[in-house]
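See structure below.
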Amino acid sequence: DTGTLAYDLPNYLREQGGDKNDCSLHPFSVSFAQLGWDHWIIAPHRYNPRYCKGVCPHLLRYDYHAPNHAVVQSFVHQLVDASVPRPSCVPYRYSPISVLMIERNGGILYKEYENMIAESCTCR
Amino acid sequence: NQSPLPASPLPAVPTLPLLQALQMRAPGSPGWRVGPASGQPLRYMLNLYRRAADREGRPRRGRSLGTNTVRLVQASSHGDQPWAGRWYVQPLTYLLESQPEAEHLLRATVVYLPSLSLAHGRLLCALELVAAGEAPGVLLSPAARPRHGWAEVDVTPYLVLGNSSMGSLALRHVCVHAGRAGGRDAPATPSHPFLLLYLNDTQAGLAPPAAEPHRHRR
Numbered sequence: 019d020t021g022t023l024a025y026d027l028p029n030y031l032r033e034q035g036g037d038k039n040d041c042s043l044h045p046f047s048v049s050f051a052q053l054g055w056d057h058w059i060i061a062p063h064r065y066n067p068r069y070c071k072g073v074c075p076h077l078l079r080y081d082y083h084a085p086n087h088a089v090v091q092s093f094v095h096q097l098v099d100a101s102v103p104r105p106s107c108v109p110y111r112y113s114p115i116s117v118l119m120i121e122r123n124g125g126i127l128y129k130e131y132e133n134m135i136a137e138s139c140t141c142r
Numbered sequence: 041n042q043s044p045l046p047a048s049p050l051p052a053v054p055t056l057p058l059l060q061a062l063q064m065r066a067p068g069s070p071g072w073r074v075g076p077a078s079g080q081p082l083r084y085m086l087n088l089y090r091r092a093a094d095r096e097g098r099p100r101r102g103r104s105l106g107t108n109t110v111r112l113v114q115a116s117s118h119g120d121q122p123w124a125g126r127w128y129v130q131p132l133t134y135l136l137e138s139q140p141e142a143e144h145l146l147r148a149t150v151v152y153l154p155s156l157s158l159a160h161g162r163l164l165c166a167l168e169l170v171a172a173g174e175a176p177g178v179l180l181s182p183a184a185r186p187r188h189g190w191a192e193v194d195v196t197p198y199l200v201l202g203n204s205s206m207g208s209l210a211l212r213h214v215c216v217h218a219g220r221a222g223g224r225d226a227p228a229t230p231s232h233p234f235l236l237l238y239l240n241d242t243q244a245g246l247a248p249p250a251a252e253p254h255r256h257r258r
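Okay, here's the thing in structure tokens:
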């Protein structure tokens, strides 16, 4: 009912600006020593996998790359049955990191691992 | 300030391939044979790493290595008296454990120092492929000019996959001491050349990225 949406415009416009609790990407630098893997990972010393945190807003802005299902689920939560949860804030795109590690037989291995850094978030 | 994680945060039986990979390579796991590499091989790989990735571990654009996996294999040398007068001849064997199925060999090179400054004179070195039977060895020459003193020789065609799928490569590291002979003792022994396997890991990490569903315009 576009009428009700029009009433909801102020909220919608406010959400455009995004609330600080909205789903977004957060930095978190960690060392392999903290992960207990520094015995055999030589480099990098630290890396920043980042993580997604926050509430998926009622109206999912275009830049969330949310699939249509998430938009529907958001409406269901809001208009039909609140026991259906809002979509979850999860990583959308990733990038790899390169790791230098020692192997069991004393060899040294350079390897690129995919999907090790979150680059953006989405609601799903 | 994060509370220190438990000593071995890895789960008993890690489920994720990355954890499995790390668990398999973790020291203390069965099969951990020799202590970690050190010295020149480690320095070489750290330089290779710095060329390929930034301080946060992100691969640099243009991927100077041309692949996502490079394994350094140290030689298991034999023969303990390599010096004879000015000559140094060290037979070296590189045993290739069967590579993980997902890792496809793109090329293999041997890295060595063709020239070494000594207190008295220089050490000039070369690599000789040990041919099977009585055939004479093949002198191997580097394809490109040495970088930071290191020369890299392509040995891809010579890798022998043994019947037990244990690959192996037999070389001789030959050096001659050029210049005024020093004191009575033999000059410093050059460090062993090492083998680099450039591999393409078709899984390269946690899981093959799922194809993102084509997003329809709302």
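Protein sequence lines correspond, in order, to chains A and B.
With the first sequence counted from 1, adding 18 to any position gets you my numbering.
With the second sequence counted from 1, adding 40 to any position gets you my numbering.
Using N, Cα and C, we set each Cβ at its ideal position, and we do this for glycine too.
Which residues in chain A have a C-beta closer than 7 Å to the C-beta of residue i? List them in chain order.
i               : result
N108 of chain B : K129, E130
Q114 of chain B : G124, G125
P233 of chain B : Simply none; closest approach about 14 Å.
L82 of chain B  : I126
R111 of chain B : G125, L127
Give me the Cα-Cα distance between residue i and residue j, rounded to the nearest whole angstrom.
i               : j               : result
E137 of chain A : A148 of chain B : 34 Å
P76 of chain B  : L209 of chain B : For P76 of chain B, the predicted structure reports a pLDDT of 49, less than 50, and the residue's modelled location is therefore unreliable. A value from the coordinates is still provided. Rounded to the nearest angstrom, the two C-alpha atoms are 22 Å apart.
S101 of chain A : L43 of chain A  : 26 Å
K129 of chain A : P233 of chain B : 21 Å
L86 of chain B  : L118 of chain A : 8 Å
L53 of chain A  : P99 of chain B  : 21 Å
H217 of chain B : S157 of chain B : 10 Å
R68 of chain A  : N133 of chain A : 11 Å
I60 of chain A  : R111 of chain B : 14 Å
L97 of chain A  : P75 of chain A  : 14 Å
S155 of chain B : C165 of chain B : 6 Å
H144 of chain B : E121 of chain A : 18 Å
S181 of chain B : G189 of chain B : 14 Å
C41 of chain A  : T133 of chain B : 56 Å
Q143 of chain A : P62 of chain A  : Beyond the ends of chain A as shown, which are 19 and 142, falls residue 143 of chain A; an answer cannot be given.
D99 of chain A  : F93 of chain A  : 9 Å
S138 of chain B : L211 of chain B : 20 Å
Q80 of chain B  : S47 of chain A  : 30 Å
G102 of chain B : H160 of chain B : 43 Å
L14 of chain B  : R95 of chain B  : The structure shown has nothing for residue 14 of chain B, since chain B only spans 41 to 258.
H83 of chain A  : R64 of chain A  : 30 Å
L88 of chain B  : R126 of chain B : 33 Å
G13 of chain A  : P131 of chain B : No answer is possible for residue 13 of chain A: the residues shown for chain A start at 19 and end at 142.
T196 of chain B : L169 of chain B : 12 Å
S204 of chain B : V193 of chain B : Residue placement at S204 of chain B is flagged as unreliable, the pLDDT there being 41, under the threshold of 50; a coordinate-derived value is accordingly withheld.
P105 of chain A : K71 of chain A  : 12 Å
T140 of chain A : I115 of chain A : 21 Å
Is the CB of residue i under 9 Å away from at least one CB in chain A?
i               : result
A142 of chain B : no
L86 of chain B  : yes
A93 of chain B  : yes
D194 of chain B : no
D120 of chain B : no
T242 of chain B : no
L105 of chain B : yes
Can you list the residues of chain B that residue i reaches, using a CB-CB cut of under 8 Å?
i               : result
S113 of chain A : R98
Y65 of chain A  : E96, G97
Measuring only between beta-carbons, confirm whether residue i sits less than 9 Å from chain B.
i               : result
S106 of chain A : no
P75 of chain A  : no
A136 of chain A : no
P62 of chain A  : yes
Taking the DSSP output, what are the residues bridged to residue i?
i               : result
D194 of chain B : B:T149
Y131 of chain A : A:I115
F234 of chain B : B:V151
V216 of chain B : B:W127, B:L164
P109 of chain A : A:C139
V178 of chain B : B:L169
G189 of chain B : Note: G189 of chain B sits in no beta bridge, so no partner.
A210 of chain B : B:T133
For a contact meaning CB atoms closer than 7 Å, what does residue i contact in chain B?
i               : result
S116 of chain A : Y89, A92, A93, G97, P99
In chain A, what lies closer than 9 Å to residue i by C-beta?
i               : result
R147 of chain B : Under the 9 Å cutoff, chain A gives no residues; its nearest Cβ is about 14 Å from R147 of chain B.
By the criterion of Cβ-Cβ separation under 8 Å, what are the contact partners of residue i in chain A?
i               : result
E137 of chain B : N123
With hydrogens ignored, establish whether the beta-carbon of residue i is closer than 8 Å to any heavy atom of the ligand SAM.
i               : result
Y131 of chain A : Of ligands this structure carries none, so the ligand SAM is not represented either.
What ranges does the beta strand (DSSP E) occupy inside the segment 31-76 of chain A, keeping only unbroken runs of at least 3 residues that lie completely in it? 42-44, 59-61, 69-71
Runs of 3 residues minimum, wholly inside the segment 80-146 of chain B: which ones carry the beta strand (DSSP E) assignment? 109-113, 127-136
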